[in-house]
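Chemist: Those protein sequences? They're chains H and W, same order as listed.
Okay, so the first sequence: first residue is 1250 according to the working numbering, each after it adds one.
Okay, so the second sequence: first residue is 11 according to the working numbering, each after it adds one.
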Amino acid sequence: MVVVPARVETRDAVSDDAETPIAFRAKLNNVRPLVNMLRAVGFRPRALCTISSSGLVFTVDEAQAMVAQAYLRTTLFSFFNYNSAAAAAALSAFQDGLDNDGQEEEEEEEEVTMQVSLPLDKLIECLTLFYGPGSGGTAPSTHGIAASTLQGPAYDLRGATTAEIGYRGPGTDFELLLEESGIISTCRLATFDPEPAVDLEFSRYPVVQQLIIKSEWLRDAFNELDPTSDAVSISISATEPYFRIATIGDNGSTEMTYARDERILDSYFCNEEMENRYKLQLILRCRSALAMSDKSKIRVNQRGFLCFQFMVPTDTDVSFVSFVFAPLVHANDI
Amino acid sequence: MRFRSLLTSSTLLLRIVQSIDKLSKSAILKLTPEKLHIIVITDVDSGLQLWSDVSISAISTEYRIESAHNNEIYLEFSIDNLQRALKSAHGALQTTLKLTKKQHLPVLSLIIQNQSTTGREITLTQDVPVRVLTPLQMESIREPMVPDGQVHVMMPPLNSMRSVAERMKTMGDRVAVSANKNGELRIRVANDMVDITTHFKGLENLSYDTTQQEPLSAEREPAAFYTAVVDMKNFLRFLQSYHVVPKNIVCCIIENHALVFYVYIGSSGYGAGSGSGLLADNCGSLTYFVPVRQV
């Protein structure tokens, strides 16, 4: 997309074409909750966006050992329309263009979901266009959606940016129309063919350990972790200490343990004693999501894979951000 | 070579110098029998240039200038130094500007007369070292000649444009600035990942009566945009330069040539009037030239 001075823009807004209805269109009265959710998983430049009639899911993975997902249900939006038929048509038109073999798709009874790979960092930069002077859009923010959990400098958002989002299908741009105080910004983001998502198959194996902890306690634990340590060990046990997080680094070792107190740990069960180690740098990626949430659910499956699920309150609803981590394999485990 | 001026108020000069503070380290003070100009040239070919003028009658009562070169004097000075000196003169009873020598070096002296709390008069002198330009150097300082612009529009509040432009700068190093005769202005930045256009509407257009207007057949309809593509860096430099009142600034688009911004300063040193009343209370003006980016 090179800037060409003489080009005449005929279509500024995201709109339906009379012949081809747009596959996906949504509106937001305030971009803030969306921005916060995207920032929670915004540590990679690209994300996979899955669009269905249930909402949007943004998936980001790193090092084949971590997958993060932000779930944006339709209730987060003031308007949400996913036209499955239009999506299916766009997808098959794109396929026909590629395959050129005239194969006809059988009519699908089930809904077709759309997947598209987007420049997540640019999406966040566009959504925060009216945020005013401050840090860049991609830095994971410690802002809570509920004002009481705000930490760090508060960005002064005068008024709210409203947004309209649209997408027509593969081979087209992801479109945004933002407005604040009478100023309108139209953004087009390049899209890419979705690459197969890394699937750590957490649900495939039985969950052997689970607990729900108030996020503020988990935040304290994360703050204590020694960043010079390569790994963090997480162990859940049926006996004391019930829940333990520890690091060993250049500066020594740190350890946080939790009693089995209802005020702290909730919904606790442990069918198998296990201590697992995970790469600390990856675990720390969830700090943003943790900062926004009020409760965190921790689950470990039989293979030692760890899943954090963060409950993030918004004005209308509760949203979720999840992280799955593969355990580090010890040299002497083999 | 002589220069001496009794200023009625140093405020206007202070406002201009404050406006250019972030543009450059040094600037040129051009003194003529009728006007006083402050000029900043960041890069002769591709950079932003700032040309300002103040009519002598607006700021001084006694004015004397003599030189071997048309009674014009060009002085190069550090913006920081002059700004500090003018700040000391703010609110003074009387300030005299004088070109003189201290320890064999040329300085622009500000002789500031104030009254202390006890009623006694205090005189404070601030010296700003200057370099006097030679006739040859003077010849090379020329205001850019630009063709007439196709469209003139009042800028929206600079604060909002500045913060949006600062956010857009990460998307590209050039920005297309366009305006039409329907009060719309837009800025666009694009790279291979993202293309953003920000639109400002409801702005006032100005029409300058020039004898060299485009023949009617070549004129575009009101809604059509005229565009100048400039370096984002230069555009931001203009937006970030301190303006006392960030409104009443005229944007002129000279397609394929330059963006020119006119800031009018009234007698108080603040923005002058609005819209058509701009030129009436005009004591001085700042003109920013932002050249179109050479491909």
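For glycine and all other residues, C-beta sits at the position ideal for the given N, C-alpha and C.
Because the structure is a prediction, the values reported are computed rather than measured.
Can you give me the C-alpha to C-alpha distance between residue 247 (chain W) and residue 1499 (chain H), rounded to a whole angstrom?
Modeler: Each residue's Cα considered, the two are about 46 Å apart.
Chemist: Check whether the Cβ atoms of residue 96 (chain W) and residue 39 (chain W) sit closer than 9 Å, and answer yes or no.
Modeler: Going by C-beta atoms, residue 96 (chain W) is not nearer than 9 Å to residue 39 (chain W).
Chemist: Let me check understanding here. Comparing Cα to Cα, which of H:1543, H:1554 and H:1552 lies closest to residue 1568 (chain H)?
Modeler: Closest option to residue 1568 (chain H), Cα to Cα, is H:1543.
Chemist: Which residues bound the beta strand (DSSP E) around residue 1306 (chain H)?
Modeler: Here the beta strand (DSSP E) through residue 1306 (chain H) covers 1304-1311.
Chemist: Counting only Cβ-Cβ distances shorter than 8 Å, please list the residues of the stretch 190-223 of chain W near chain H, keeping chain order.
Modeler: Of all residues in the stretch 190-223 of chain W, 198, 199, 200, 201, 202, 203, 204, 205, 206, 207, 208, 209, 210, 211 and 212 have a Cβ within less than 8 Å of some Cβ in chain H.
Chemist: So, is residue 212 (chain W) buried or exposed, given that buried needs 16 or more other C-beta atoms within 10 angstroms?
Modeler: Classification for residue 212 (chain W): exposed.
Chemist: I'd like to check one pair, residue 1372 (chain H) with residue 1423 (chain H): are the Cβ atoms closer than 9 Å?
Modeler: Closer than 9 Å, so yes.
Chemist: Quick check on the DSSP output: what are the complete alpha helix (DSSP H) runs of length 4 or more inside the stretch 1500-1560 of chain H, in order along the chain?
Modeler: Complete alpha helix (DSSP H) runs here, min 4: 1529-1532 and 1536-1541.
Chemist: Nearest by alpha-carbon distance to residue 153 (chain W): which of W:53, W:274 and W:260 is it?
Modeler: The shortest Cα separation from residue 153 (chain W) among W:53, W:274 and W:260 belongs to W:53.
Chemist: DSSP state of residue 262 (chain W), grouped into three classes?
Modeler: Strand at residue 262 (chain W).
Chemist: Use the C-beta contact count for residue 1413 (chain H): other C-beta atoms within 10 angstroms, 16 or more gives buried, fewer gives exposed.
Modeler: By the neighbour-count rule (16 or more Cβ atoms within 10 Å), residue 1413 (chain H) is buried.
Chemist: Using 8 Å as the threshold, is the stretch 170-178 of chain W in touch with the stretch 1364-1380 of chain H, meaning 3 or more CB pairs across them?
Modeler: Yes, they touch.
Chemist: In chain W, what lies closer than 7 Å to residue 1366 (chain H) by C-beta?
Modeler: Chain W residues near residue 1366 (chain H): none, gap ~12 Å exceeds 7 Å.
Chemist: Expressed to the nearest angstrom, what Euclidean distance is found between the alpha-carbon atoms of residue 1529 (chain H) and residue 1457 (chain H)?
Modeler: When rounded, the distance between both Cα atoms is 22 Å.
Chemist: Within its chain, find whatever has a CB closer than 6 Å to the CB of residue 1375 (chain H); leave out the 5 residues flanking it on each side and keep chain order.
Modeler: Cβ neighbours of residue 1375 (chain H) beyond the five flanking positions: 1425 and 1436.
Chemist: Looking at the C-beta of residue 1433 (chain H), does it have a partner C-beta in chain W at a distance below 9 Å?
Modeler: For residue 1433 (chain H), the answer is yes, since a Cβ of chain W falls inside 9 Å of its Cβ.
Chemist: Output the distance between the C-alpha atoms of residue 1390 (chain H) and residue 1285 (chain H), rounded to the nearest integer angstrom.
Modeler: Low confidence applies to residue 1390 (chain H): its pLDDT is 36, below 50, so where it sits in the model is not reliable enough to give any reading.
Chemist: So, are the CB atoms of residue 58 (chain W) and residue 301 (chain W) less than 9 Å apart?
Modeler: Contact flag set, yes.
Chemist: Interface residues of chain W around residue 1374 (chain H) at Cβ under 8 Å?
Modeler: In chain order: 177, 180, 181 and 204.
Chemist: In this structure, how does DSSP classify residue 1586 (chain H) when only helix, strand and coil are distinguished?
Modeler: Nothing in the structure corresponds to residue 1586 (chain H), since chain H is present only between 1250 and 1583.
Chemist: Is residue 1448 (chain H) close to chain W? Criterion is C-beta to C-beta, closer than 9 Å.
Modeler: It does not; no Cβ of chain W falls within 9 Å.
Chemist: Could you pull out every residue in the same chain whose Cβ sits closer than 6 Å to the Cβ of residue 188 (chain W), ignoring the five residues on either side in sequence?
Modeler: 196, 235 and 237.
Chemist: Quick check: what's the CA-CA separation for residue 1538 (chain H) versus residue 1561 (chain H)?
Modeler: Going by the C-alpha atoms only, they are around 8 Å apart.
Chemist: Return the first residue and the last residue of the alpha helix (DSSP H) that residue 86 (chain W) is part of.
Modeler: Careful: residue 86 (chain W) lies outside any alpha helix (DSSP H), inside the beta strand (DSSP E) at 83-88.
Chemist: Could you give the DSSP three-state label for residue 56 (chain W): helix, strand or coil?
Modeler: Here residue 56 (chain W) sits in coil by DSSP.
Chemist: What residue range does the alpha helix (DSSP H) around residue 173 (chain W) cover?
Modeler: Looking at the DSSP string, the run of the alpha helix (DSSP H) that includes residue 173 (chain W) is 168-178.
Chemist: With 16 other CB atoms within 10 Å as the buried threshold, where does residue 269 (chain W) fall?
Modeler: By the 10 Å Cβ count, residue 269 (chain W) comes out buried.
Chemist: On the DSSP letters alone, give me the boundaries of the alpha helix (DSSP H) that residue 1467 (chain H) sits inside.
Modeler: Segment 1464-1473, the alpha helix (DSSP H) holding residue 1467 (chain H).
Chemist: Three-state secondary structure (DSSP) at residue 293 (chain W)?
Modeler: Coil.
Chemist: Which bits of chain W does residue 1281 (chain H) rub up against, with CB to CB less than 8 Å?
Modeler: Within chain W, no residue comes near residue 1281 (chain H); the closest Cβ sits about 16 Å away, beyond 8 Å.
Chemist: Output, in chain order, the set of chain H residues within a Cβ distance shorter than 8 Å of residue 174 (chain W).
Modeler: Correct list: 1378, 1379, 1432 and 1434.
Chemist: Who are the Cβ neighbours of residue 1523 (chain H) in its own chain at under 6 Å, not counting the five residues just before and after it?
Modeler: Counting only Cβ-Cβ distances below 6 Å, and skipping sequence neighbours, we find nothing.
Chemist: How would you call residue 1578 (chain H), buried or exposed, if buried means at least 16 neighbouring beta carbons within 10 angstroms?
Modeler: Exposed: under 16 other Cβ atoms inside 10 Å.
Chemist: Among residues of its own chain, excluding the 5 on either side of residue 100 (chain W), which ones have a beta-carbon nearer than 8 Å to its beta-carbon?
Modeler: 20, 21 and 24.
Chemist: Within the chosen definition, does the stretch 85-92 of chain W reach the stretch 132-142 of chain W through at least 3 CB pairs nearer than 8 Å?
Modeler: Yes: at least three Cβ pairs fall under 8 Å.
Chemist: Report yes if the C-beta distance between residue 29 (chain W) and residue 73 (chain W) is below 9 Å; otherwise report no.
Modeler: In this structure, residue 73 (chain W) does not lie closer than 9 Å to residue 29 (chain W) by Cβ.
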